[in-house]
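Colleague: Here's a structure for you.
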Amino acid sequence: MRHDFLDRFSRLQSPIHRVPTAVKLGGSLGLITGLIATSVAHVWFFVAAAGLLILLTAMSRIPWKFVIRRLVLLEPLVLGVAAMALLQPNGGAVFLAIVVKSTLCLLAMILLSNTTPFAELLETLRRVRFPRLLVTILALLYRYIFVLIDEAERLNRARESRTFRNGRVRKWHSLASLVGQLFVRSTERAERIYAAMLARGWK
Amino acid sequence: MHIPDGFLDAKTIIATGALSTAGLGTALREAGKRLQARRIPLIGLTAAFIFVAQMVNFPVAGGTSGHLIGATLAAVLLGPSAAVIVMSSVLIVQAFLFADGGVLALGANIFNMALVAPSCGYGVYRLLGLVLRDERGQLVAVSVASWSATVIAAVFCAGELAWSGTAEWGTVFPAMAVVHMLIGVGEAAITMLVMAAIASTRPELLHGSDRPKIQEGLSPAFIYAAIITVGLVILVAPHASSLPDGLEKVAGALGFDHRALTSPIVPSPLKDYQLPGLSSTSGGVMAAGLIGGIIVFGLSFLLARVLLPRSKDAAGRQTSVKQR
Amino acid sequence: MNPAIEARNLQFRYPDGKEALRGVSFTVAQGECVGLVGPNGSGKSTLLLHLNGILPETLDKEATVIVNGMPLNRETSPAVRRDVGLLFQEADDQLFCPTVFEDVAFGPRQFGVEGEKLQEVVDRALGLVGLSGFENRSPHHLSSGEKRRVCLAGILACEPRVLALDEPTSDLDPRGKRTLTGILQSLPATKIIATHDLELVVQLCPRTIVLDEGIVVADGPTHELLADEQLMLSHGLEKPHILRHLHPH
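Residue numbers (the numbering used here), protein chains in the order written: chain A, 14 to 216; chain B, 109 to 432; chain C, 1164 to 1412.
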């Protein structure tokens, strides 16, 4: 798996990318709040929001194929709940509201996450006095996702090289074993990271 | 179970936001008090681990696959407060990087998956652990705990959706509950297999004096329980005590009150099947839940036997005939 | 002038009972570059961890390590840590911040450096390793050679007088090795390099210490020790190719 799948476009060059993170973050949250708080009856608001988001996305140079694919990729749960929304009295209106709002909110978040490096989001959180421990954990989490994915891939490849029989049961056992190994290695790595932090003066 | 933005209304967002802030705040405070600096990289790495573990595809049928959520696993490995922090972090990163789960809906998602799931999972695990004390029993306990946590979290999720008016309780509660009773089986199996794998390679991570689990006091447990109870009252209880609309209307039209409907004219052996005040669907789902739980317990027991043909009791002595 | 490092009868046993160091003593002069070689399990990494006080975990015993005249104990360990830059074997364990800038800045930040001065320090350190302009890069996008250099920058930013390096050229390709070797050569700090890369030792270190099973079995000029085939083979090493083709003049 490629490493940069998570924030592939977050370091492109575009007018949107250059906007300060705090503005982008505040703006996105504000827009999402507005979208949720406003009734779908105010059609003009949603049309304006959609227009704005599409314009910003175009300016951001994020490939449209990527955006659309991401918008369409929906969890079965989400589809299920939306379907259930239809079933109730006045379901049509509820369904429409859900679809419009969630799509626009999703677009706003796709835009935010792909025009802002996560490290900068963290820096902004730090500045607004988010709990320090949580920010540290988020930073470590973000940093080591890729390392662990690599490790998991290596473990998996090694396992598959020695797997000569197929079968779901074995697969589950083997994958669970992999997950277990990954945890064990994570604890060992954590110890080494601690040593490295100490070595550079961490108290 | 990630709820996107647009599915919850303002009052639900605010209420769940308040509850998760309280829960996460408690966990952070507890960690601040009791966490040695040495454990901070461990919590960060465990969060990364859970994130990656959630990506592993466990093939089910056709093209579908099951995935681990890991809330109970995290709680059993690191303790409940650390697990709250771990799961919250994972959800925050998923919301901001993946747009997996909404941003304003984070309150609800954190409440369900980062507070309810690990706390209930841990609670069930410890309770069962009082009775099932040997190695096999630990696996059974963690399995049933994971299943329960998944189902309970799903119930709260349904409550949030219903309270927001997105879907009706009568539809969404049975759907979510039953679906997650099935999904929960996967969670139970995977969690048990992972625990068994860790126990077989590095048992000291689970039982040693230096294990990663952070020693916590009892007070956070009470706070989590209190927060979850408030959630229960706001999100679940109001729905569970009403009959399906149709039946209610009929009762009203005929001049009966709802209690009368549950005491039939002719005594029937199933008279006590439905508790007064609960709708028939709610009752049915709860019954299914109970039966499901028992089935999961049984299956876990069998799986544990397969994984550990020779079991050790709490003191490490062999409890069955064959020597290792 | 004080020696850069003085190790006196270092002994260490791991919690599981394994004896890693069984009485190691040596002295390193200011500005020296010493190679530390030995088979796997000889205690090289453990030894390096003693030089900045990460091991032993409790530092109340009598000081067995003296760095630049300062005995290493609990009070002095923060200062010693600043003075001994330890480069760990795996870059990923040491590169733990979300961006290169933050990682290089980590050390100086601990010592209270902030703002413009911090920017200067980071710039300078990145310059020393040839990675100027990499400030905003994410670690996972870097090659292993680049990661290693960022780690080195992170240490250099603390301006240590001693550099302790654990396998600095492992998992580097030939170009990465050349780059790193060149950088190390240009640094004036006292260096002690634990490595399997005997060619590196020949290139950089006039003096070599051979460690095996926790004790120093040889300590002397690199050319002599590493050319001694019997010594090398008996301690799980071998004569490096560079020295195989040297004709006695």
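In this text, a Cβ means the ideal position worked out from N, Cα and C, and glycines have one as well.
Just so we're clear, the structure is a prediction, and the values are computed from it rather than from any experiment.
Taking only beta-carbon positions, decide if I260 of chain B is within less than 9 Å of chain A.
Modeller: I260 of chain B does not count as touching chain A.
Colleague: Using 10 angstroms around the beta-carbon of M1440 of chain C, count the other beta-carbons present and answer buried if the total reaches 16, otherwise exposed.
Modeller: Since the first residue shown for chain C is 1164 and the last is 1412, residue 1440 of chain C is missing from the structure and cannot be characterised.
Colleague: Is the stretch 293–313 of chain B close to the stretch 326–341 of chain B, with three or more CB pairs under 8 Å?
Modeller: Short answer: they don't touch.
Colleague: Using a Cβ-Cβ distance under 9 Å, would G40 of chain A count as near chain C?
Modeller: Answer no: the Cβ-Cβ gap between G40 of chain A and chain C never drops below 9 Å.
Colleague: Give the single residue among B:E138, B:I342 and B:V248 whose Cα lies nearest to the Cα of V263 of chain B.
Modeller: Looking at the Cα atoms, B:I342 is the closest of the given residues.
Colleague: Measure the C-alpha to C-alpha separation of E1225 of chain C and R1407 of chain C and round it to an integer number of angstroms.
Modeller: So the alpha carbons of these two residues sit roughly 44 Å apart.
Colleague: For M72 of chain A, decide whether its Cβ has a neighbour in chain C, counting only Cβ atoms nearer than 9 Å.
Modeller: For M72 of chain A, the answer is no, since every Cβ of chain C falls outside 9 Å of its Cβ.
Colleague: Output yes or no for whether 9 Å exceeds the beta carbon distance between I75 of chain A and V211 of chain B.
Modeller: In this structure, V211 of chain B does not lie closer than 9 Å to I75 of chain A by Cβ.
Colleague: Among C:L1335, C:R1370, C:V1263 and C:R1311, whose alpha-carbon lies nearest the alpha-carbon of R1300 of chain C?
Modeller: Closest by alpha carbon: C:V1263.
Colleague: Count the other C-beta atoms from every protein chain shown that fall within 10 angstroms of the C-beta of R167 of chain A, then say buried if there are 16 or more, exposed otherwise.
Modeller: Exposed, by the Cβ-count rule.
Colleague: Check each candidate in A:R205, A:S27, A:T128 and A:L100 and name the one with the smallest Cα separation from A35 of chain A.
Modeller: For A35 of chain A, the nearest C-alpha among the options comes from A:T128.
Colleague: Note down, one range per segment and in chain order, each alpha helix (DSSP H) of at least 4 residues found wholly within the stretch 15–47 of chain A.
Modeller: Segments of the alpha helix (DSSP H) lying fully in the stretch 15–47 of chain A: 28–31.
Colleague: Counting C-beta neighbours from all protein chains within 10 Å, is the total for N217 of chain B 16 or more, i.e. buried, or is it exposed?
Modeller: That one is buried.
Colleague: Assess contact between the stretch 141–158 of chain B and the stretch 222–240 of chain B, defined as three or more Cβ pairs (one per stretch) separated by less than 8 Å. Is contact present?
Modeller: Result no; under three Cβ-Cβ pairs closer than 8 Å.
Colleague: Contact criterion: CB-CB distance below 9 Å. Does L313 of chain B meet it with respect to chain A?
Modeller: Chain A, which has a Cβ nearer than 9 Å to the Cβ of L313 of chain B, makes this yes.
Colleague: So is Q1282 of chain C in contact with chain A if we call contact Cβ pairs under 9 Å?
Modeller: No, no contact with chain A.
Colleague: Apply the 10 Å Cβ neighbour rule to T337 of chain B and answer buried if 16 or more other Cβ atoms are within range, or exposed otherwise.
Modeller: Flag for T337 of chain B reads exposed.
Colleague: Taking all protein chains shown into account, do 16 or more other C-beta atoms lie within 10 angstroms of the C-beta of R1311 of chain C, making it buried, or fewer, making it exposed?
Modeller: Buried, since its Cβ has 16 or more Cβ neighbours within 10 Å.
Colleague: Report the residues of the stretch 147–171 of chain A with a CB closer than 7 Å to any CB of chain C, ordered along the chain.
Modeller: Correct list: A152, L153, Y155, R156, F159 and V160.
Colleague: How would you call H30 of chain A, buried or exposed, if buried means at least 16 neighbouring beta carbons within 10 angstroms?
Modeller: Classification of H30 of chain A: buried, given that the 10 Å Cβ count is 16 or more.
Colleague: Near D208 of chain B, what residues of its chain come up, given a Cβ to Cβ distance below 8 Å and the 5 sequence neighbours on each side ignored?
Modeller: Hits under 8 Å: H110 and Q202.
Colleague: Taking the beta carbon of M163 of chain B as the centre, do at least 16 other beta carbons fall within 10 Å, making it buried, or is it exposed?
Modeller: So M163 of chain B counts as exposed.
Colleague: Starting from the beta carbon of G140 of chain B, find every residue of chain A whose beta carbon is closer than 8 Å, and list them in chain order.
Modeller: The answer, in chain order, is L146.
Colleague: Could you give the DSSP three-state label for V302 of chain B: helix, strand or coil?
Modeller: V302 of chain B falls in the helix class under three-state DSSP.
Colleague: So, for P1369 of chain C: in the same chain, excluding its five sequence neighbours on each side, which residues have a beta-carbon less than 7 Å away from its beta-carbon?
Modeller: Hits under 7 Å: C1196, P1384 and T1385.
Colleague: Does any C-beta atom of chain C lie closer than 9 Å to the C-beta of K37 of chain A?
Modeller: Closer than 9 Å: no.
Colleague: Can you confirm whether E133 of chain A, when its beta carbon is compared against all beta carbons of chain B, has any partner nearer than 9 Å?
Modeller: Answer no: the Cβ-Cβ gap between E133 of chain A and chain B never drops below 9 Å.
Colleague: What distance in whole Å lies between the Cβ atoms of R1237 of chain C and F1274 of chain C, which are believed to be in contact at a cut-off of 8 Å?
Modeller: The pair is not a contact, with the Cβ atoms about 18 Å apart (cut-off 8 Å).
Colleague: Determine the extent of the alpha helix (DSSP H) in which R205 of chain A is found, giving its start and end residues.
Modeller: Where R205 of chain A is concerned, the enclosing alpha helix (DSSP H) stretches over R181 to A212.
Colleague: At 4 residues or longer, what runs of the alpha helix (DSSP H) sit wholly inside the stretch 119–201 of chain B?
Modeller: Entirely contained in the stretch 119–201 of chain B, the alpha helix (DSSP H) runs reaching 4 residues are, in chain order, 148–161, 179–186 and 188–201.
Colleague: Contact between the stretch 59–77 of chain A and the stretch 233–247 of chain B is defined here as three or more beta-carbon pairs at a separation below 8 Å; is this criterion met?
Modeller: Cβ pair count under 8 Å is below three, so no.
Colleague: Residues of chain B with a CB under 7 Å from the CB of H186 of chain A: which are they?
Modeller: Going along chain B in sequence order, the residues near H186 of chain A (Cβ under 7 Å) are L301.
Colleague: Please list, in chain order, the residues of the stretch 1173–1196 of chain C that have any C-beta partner in chain A closer than 8 Å.
Modeller: Residues passing the 8 Å Cβ filter: none.
Colleague: Which residue's Cα is closest to the Cα of R1324 of chain C: C:T1353, C:L1214 and C:V1313?
Modeller: If we check each option's Cα against that of R1324 of chain C, C:T1353 comes out closest.
Colleague: Mind checking the stretch 1299–1325 of chain C against chain A and listing, in chain order, the residues whose C-beta falls within less than 8 Å of any C-beta there?
Modeller: So the close ones are N1299, S1301, P1302, H1303, H1304, G1317, I1318 and C1321.
Colleague: T134 of chain B: buried (16+ other C-beta within 10 angstroms of its C-beta) or exposed?
Modeller: Classification for T134 of chain B: buried.
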